[in-house]
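Note that the protein sequences, when read in sequence, are chains A and B.
With our numbering applied, the first sequence corresponds to residues 1 to 522, in that order.
With our numbering applied, the second sequence corresponds to residues 1 to 271, in that order.
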Amino acid sequence: MTDQGSGRPADRRASAWHRAPVALLRLDADGVVLDANELLLRWLGRPRRAVVGQARIGELLTVGGRIFWETHVGPMLRLQGRVDEVAVELRCAEGRKPVLMSVRAGARPGGRRGEGDVDDGETVVDVALFAAEQRVRYEREIVAARDDAERTAERLRTLQAVSVALAPVLGVDALADALGAALARSLGVRATALWLPGTDGRWRRLGAPTSYLHDADVPPAPGPDGFAAEPDGSVVLELTPRSDLRGRLVVTPSGSAGDLPLDVDTLVAVARQASVALGRAALAEHSASVARELQHAMLRGEQPQDDRFELVTVYRPGVRTLEVGGDWYDAFWLADGVVALVVGDVVGRGLNAAATMGQLRTAVRAVATADLAPDEVLDRLDAFVERTSVGFSASLVYAVVDLQDGLVRYACAGHPPPLVVGGSGGARLVWGGRSATLGVPRTRRSATASLLPGDTLLLYTDGLVERRDRGLREGFAALVASASRRRDEGQAFDDGFVDEQLVGIVESDDTCLLAMTWRGGA
Amino acid sequence: MSYACRVDVLARNNVSVSGREGAAPILFAHGLGCDQSMWRHAAPAFEGDHRVVLFDHVGFGGSDLSAYDPHRYASLDGYADDVVELVEELGLGPVVFVGHSVSSMIGVLAAVRRPDLFERLVLVGPSPRYVDDGAYHGGFSREEIDELLETMDANYLGWSQAMGPVVMGVPDRPELGSELADAFCRTDPAVGRRFARATFLSDNRDDLPRCDTPALVLQCRQDAIAPVEVGRYVADQLPDARFVMLDAVGHCPNLSAPRQVVAAIKDFLGS
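Here it is in structure tokens:
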């Protein structure tokens with residue numbers, strides 16, 4: 001070293017290089033240290049002879065920095081000759097030292113042209129390292145804060161996706177499916193299994209079995225905190241919708257190397273949402289089964305029988321929701337040889353609708369007499385609706401069949417028209433006697449239709465004709481065509497007929513059918 | 001295959017095609033930390049007698065970042081799927097696939113999936129697993145890999161500021177345009193971090209024996225990322241592989257010793 005301020009300019013520059021307040025390194029193209037200044041050697045705590053001409057840059061860095069140099073810094077240096085402000089750590093005598101590194105590649109002054117591939121012989125690499133403890137600490141805080149914000153945003157996105165997916169779900173099975181799909185989409189998980197205790201005390205698993213955790217008969221146990229991590233990276237969570245209902249959720253990650261481990265905080269929040277949804281789904285299933293039983297009990301009553309006609313009734317609960325709708329049918333004697341037929345549909349679903357249906361069904365029986373024309377029966381039902389506030393906006397068709405002559409008198413309150421299928425073929429909708437749904441003040445009207453022996457009168461609810469993929473007009477046309485064909489083929493108007501109408505409807509509504517075939521008055 | 005689809009894949013991966021029309025196709029795939037410019041010293045040497053195809057993995061270089069799906073690219077399989085799609089869309093017939101670093105394993109995965117699309121494989125600095133595992137010596141402990149991921153995190157800020165806006169296509173910072181128009185190795189930092197995880201934490205040892213495509217392993221005599229014994233392991237495990245040691249150090253002989261790399265590949269293809 002030369003004294004500062006003395007000697008030739010080149011010596012002064014060399015001195016300044018060695019005494020610079022930043023650590024400086026000169027490397028050859030392969031990363032071998034050609035020279036190092038005093039500060040760098042002091043940081044490293046190694047003698048010059050152990051470094052210069054001996055060490056490669058990679059050995060001076062921690063392993064993360066070494067890989068980063070090889071994969072990122074090196075290539076950029078080769079391609080553009082410079083890299084700036086890379087954060088790495090030096091392996092120093094006192095431990096790791098965070099530094100910021102700027103690097104330049106250039107021609108060695110006076111260097112010879114090398115024999116190597118890309119004239120490496122004349123390339124030198126100058127490296128400047130700045131101590132960056134404070135700055136790195138500060139940046140780490142920023143990075144941590146950013147990661148935190150990203151995690152929070154990610155968590156919110158996931159929770160929102162789960163919320164949206166679970167909102168329309170009514171059954172427990174559908175809940176397991178929706179939750180699995182939502183978590184696969186948002187978190188990329190491989191499998192989600194929902195475990196519930198069955199009535200026999202054994203566990204029941206809903207969801208795809210894709211790992212040993214899912215194949216077992218019993219789910220793994222969540223810890224005292226309500227969750228536990230399994231060896232395969234799965235997370236088990238307790239679901240506690242009610243004190244008498246507990247479930248477990250097992251979420252298995254994709255296993256892809258690049259995926260981050262599952263965020264337990266997110267899953268705990270998901271489990272809370274799933275608990276609420278599970279409670280709701282369980283309740284909905286319970287109430288649905290009560291309503292269904294009620295509905296069946298009410299519809300199950302005795303039906304009129306006679307040699308002069310044949311009566312078939314079908315009730316098909318909808319599959320779109322678990323809840324029963326308020327569809328009903330009824331048939332009862334008004335007088336000897338005179339039968340009343342009713343098909344109706346109250347607004348709403350579930351227990352309420354079932355109860356309303358029961359009341360309205362009874363009301364029809366109470367007000368109907370042989371003396372009253374169908375429009376008068378509707379008038380009285382309007383009065384009943386107004387007085388009791390039960391059954392507002394319900395639709396129904398009321399038909400009176402005289403078994404002697406086959407004359408049908410009927411009225412439709414906002415209800416699909418009856419269908420008459422000829423005994424020898426052909427089918428027609430009868431569009432008379434139409435007025436608005438119950439409770440809406442309107443002049444009621446009756447109409448008549450004549451049956452020939454062998455003709456079938458079909459009353460039904462809109463589930464039989466409504467489809468999302470076609471208009472009502474097409475629905476009616478399809479019903480007429482299908483009924484006509486069925487008669488030609490000698491088939492009955494029963495369950496099979498309903499099935500035929502519902503083909504291709506994935507989420508059918510409630511459907512009711514009443515078919516009366518008049519054999520003649522004899 | 002529809003034209004629209006073809007355009008999509010080619011744009012997604014920023015594909016560039018050069019060289020002799022109608023000649024046998026050779027496809028170069030870049031590794032971690034860079035983009036197709038990593039082949040700028042080697043690929044032109046093949047333009048005389050090959051159709052030369054370069055591309056960027058999604059998230060790197062001039063690729064379409066909007067095509068990035070963190071779940072698809074959480075494992076090397078997603079990238080292998082991309083390569084298969086790309087070779088199919090090119091419609092040039094089976095290709096010679098030259099993969100650097102992690103892309104050599106991506107090539108193996110793609111060839112296992114669709115052997116009909118790959119004539120030969122050239123694997124530059126391959127490693128099927130970086131983390132030591134029992135008798136297998138990958139070169140790194142799990143702790144060291146975690147440390148690398150930390151280093152990448154530490155560089156997130158600096159790199160995202162310099163590279164992010166260009167990669168993300170933010171148009172309202174024109175002052176970055178001229179400075180970075182010629183920038184190499186553009187990487188979206190978040191993508192790079194995830195790619196590093198997928199690269200350094202995956203284990204593709206079991207895929208090697210399933211790859212029947214004739215392969216060439218190019219190994220530097222000193223490589224801090226993929227040590228010599230790992231390169232030999234790859235050549236041993238592949239059913240039909242040749243091992244060539246380059247007189248070069250480092251992990252990127254395609255940049256530091258392109259002439260040797262070119263000569264070795266030409267020798268392999270001529271055989």
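Beta carbons: idealized from backbone N, C-alpha and C, even for Gly.
Item, Value
"Residue-chain proximity (SER104(B), chain A), Cβ-Cβ < 7 Å", "no"
"Classification of ASP306(A) by the beta-carbon crowding that lies within 10 angstroms, buried from 16 upward", "exposed"
"Cβ-based neighbour list, SER141(B), same chain, cut-off 8 Å, excluding 5 preceding and 5 following", "VAL131 and ASP132"
"6 Å Cβ shell around VAL58(B) - same chain, five flanking residues per side excluded", "ALA67 and TYR68"
"Cα-Cα separation, GLY326(A) to THR362(A)", "14 Å"
"Coarse secondary structure for GLU85(A), derived from DSSP in three states", "strand"
"Span separating the alpha-carbon of GLY74(A) from that of ALA145(A)", "30 Å"
"Below-7 Å beta-carbon distance, HIS72(A) vs any chain B residue", "yes"
"Among VAL230(B), LEU86(B) and ARG72(B), the one whose alpha carbon lies nearest that of LEU208(B)", "VAL230(B)"
"Positions along the segment 57-90 of chain A whose CB lies within less than 7 Å of some CB in chain B", "GLY58, THR62, VAL63, GLY64, GLY65, ARG66, ILE67, PHE68, GLU70, THR71, HIS72, GLY74, PRO75, MET76, ARG78, LEU79, GLN80, GLU85, VAL86, ALA87 and VAL88"
"Buried/exposed call for ILE26(B), threshold 16 Cβ in 10 Å", "buried"
"Simplified DSSP state of GLY422(A), which is helix, strand or coil", "coil"
"Contact under 7 Å by Cβ, CYS512(A) with THR456(A)", "no"
"Cα-Cα separation, LYS266(B) to ALA43(B)", "11 Å"
"Contact with chain A by ILE225(B), beta-carbon distance below 7 Å", "yes"
"Expected contact under 8 Å - CB spacing of VAL251(A) and VAL268(A) to nearest Å", "Incorrect: roughly 11 Å between the Cβ atoms, too far for contact."
"Cα-Cα separation between VAL52(B) and GLY19(B), rounded to whole angstroms", "5 Å"
"Contact belief for VAL84(B) with ARG113(B) at Cβ below 8 Å, rounded distance in angstroms", "6 Å"
"SER446(A) and GLY433(A) closer than 7 Å at C-beta", "yes"
"Bridge partner(s) assigned by DSSP for GLN346(B)", "No answer is possible for residue 346(B): the residues shown for chain B start at 1 and end at 271."
"Simplified DSSP assignment, three categories, for HIS137(B)", "coil"
"Exposure of ALA142(A), with buried meaning 16 or more beta-carbon neighbours within 10 Å", "As written in the sequence, residue 142(A) is Ile, which differs from the Ala given in the question. Result: exposed."
"Beta carbon proximity, LEU246(B) to chain A, threshold 7 Å", "no"
"Own chain partners of LEU451(A) with C-beta closer than 8 Å, once the 5 adjacent residues on each side are dropped", "VAL401, GLY406, LEU407, VAL408, VAL420, LEU457 and TRP518"
"Through-space distance from GLY192(B) to CYS34(B), alpha-carbon basis", "9 Å"
"Three-state secondary structure (DSSP) of TRP159(B)", "Unreliable placement is indicated for TRP159(B), whose pLDDT of 46 sits below 50; the coordinate value is still reported in the next sentence. Residue state, collapsed to three classes: helix."
"C-alpha gap between ARG12(A) and ALA29(A), whole angstroms", "27 Å"
"The segment 247-260 of chain A: positions lying closer than 7 Å to chain B by Cβ", "SER254, SER256, ALA257, GLY258 and ASP259"
"DSSP-derived helix/strand/coil call for LEU457(A)", "strand"
"Of the listed residues GLU310(A), ALA282(A) and TYR315(A), nearest to MET298(A) (C-alpha basis)", "TYR315(A)"
"PRO253(B) (DSSP reduced to helix, strand or coil)", "helix"
"C-alpha distance - LEU166(A) paired with ALA178(A), whole-angstrom precision", "6 Å"
"Beta carbon of LEU245(A) nearer than 7 Å to that of ALA271(A)", "no"
"Residue interval of the alpha helix (DSSP H) (run including VAL22(A))", "No alpha helix (DSSP H) holds VAL22(A); DSSP gives it neither H nor E."
"Proximity of VAL228(B) and GLN237(B) at Cβ, strictly below 7 Å", "no"
"Residue-level contact to chain A via CB, ARG129(B), 7 Å cutoff", "no"
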